[in-house]
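Numbering (this note's numbering), first residue to last: 337 to 491.
Note that beta-carbon positions come from the ideal geometry of N, C-alpha and C, so glycine has one too.
Only a predicted model underlies this, so the values are computations on that prediction, with no experimental measurement involved.
I have placed the structure first, in the form of structure tokens, so that the comments after it can refer back to it.
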């Protein structure tokens, strides 16, 4: 059995349960083999960490459901984990990925009138605004935020 001595994202469970930190690789191995009780103990140890990661990235109302999704994904992927000592960091990366997926799926939708009155400068400005809004929404999330900040600072 390998000993986990490096500092990683999974250190808080080791600090919270110091008497049994060496059990984490054993729990991971057992859970990987289908032991639901072992996976339940991993959940108990890591749910707060996952919840904290998610709260930093998504609205609080969505975090609890995402915690469940993270652990379901971890249970499905657990047999592919090669290093039991890396479980905490691996789980944290799943949480970050789920948060990013969630934010991408909740992109803001802006209602655009089905028809815009023709004629006049105001109608042309509205059409241009709708076109620009569509281009902004196609940008990656980080660029969308940057462009939005620049636009707000100019207006």
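What distance in whole Å lies between the Cβ atoms of residue j and residue i, which are believed to be in contact at a cut-off of 8 Å?
{"i": "residue 498", "j": "residue 391", "result": "Since the displayed the chain opens at 337 and closes at 491, residue 498 lies outside it and no answer follows."}
{"i": "residue 438", "j": "residue 402", "result": "6 Å"}
Taking C-alpha atoms, which residue in the options lies nearest to residue i?
{"i": "residue 368", "options": "384, 431, 417", "result": "417"}
{"i": "residue 388", "options": "422, 467, 427", "result": "427"}
{"i": "residue 357", "options": "404, 409, 420", "result": "420"}
{"i": "residue 424", "options": "438, 401, 436, 380", "result": "380"}
{"i": "residue 436", "options": "359, 360, 476", "result": "476"}
{"i": "residue 384", "options": "395, 372, 404", "result": "404"}
Within the same chain, show all residues whose beta-carbon is closer than 6 Å to that of residue i, passing over the 5 residues directly before and after it, in chain order.
{"i": "residue 474", "result": "none"}
{"i": "residue 491", "result": "Since pLDDT at residue 491 reaches only 46, below the 50 mark, its modelled position is unreliable, and the value read off the structure follows with that caveat. Closer than 6 Å at the Cβ level, and outside the excluded window around residue 491, lies no residue."}
{"i": "residue 415", "result": "368"}
{"i": "residue 374", "result": "363, 366, 367"}
{"i": "residue 393", "result": "435"}
{"i": "residue 408", "result": "none"}
{"i": "residue 377", "result": "363"}
Grab me the residues of residue i's own chain with a C-beta within less than 8 Å of its C-beta, minus the 5 sequence neighbours each way, in chain order.
{"i": "residue 406", "result": "386, 390, 427, 430, 431, 434"}
{"i": "residue 411", "result": "367, 375"}
{"i": "residue 461", "result": "none"}
{"i": "residue 413", "result": "430"}
Identify, in the order they occur along the chain, each residue of the same chain with its Cβ nearer than 7 Å to the Cβ of residue i, setting aside the five sequence neighbours on each side.
{"i": "residue 341", "result": "Reliability of the predicted coordinates at residue 341 is poor, the pLDDT of 48 falling under 50, and no value is obtained from them."}
{"i": "residue 458", "result": "none"}
{"i": "residue 371", "result": "none"}
**Item:** At least three beta-carbon pairs within less than 8 Å, the region 462 to 473 to the region 427 to 440
**Value:** Between the region 462 to 473 and the region 427 to 440, the count of C-beta pairs closer than 8 Å stays below three; the two stretches do not touch.
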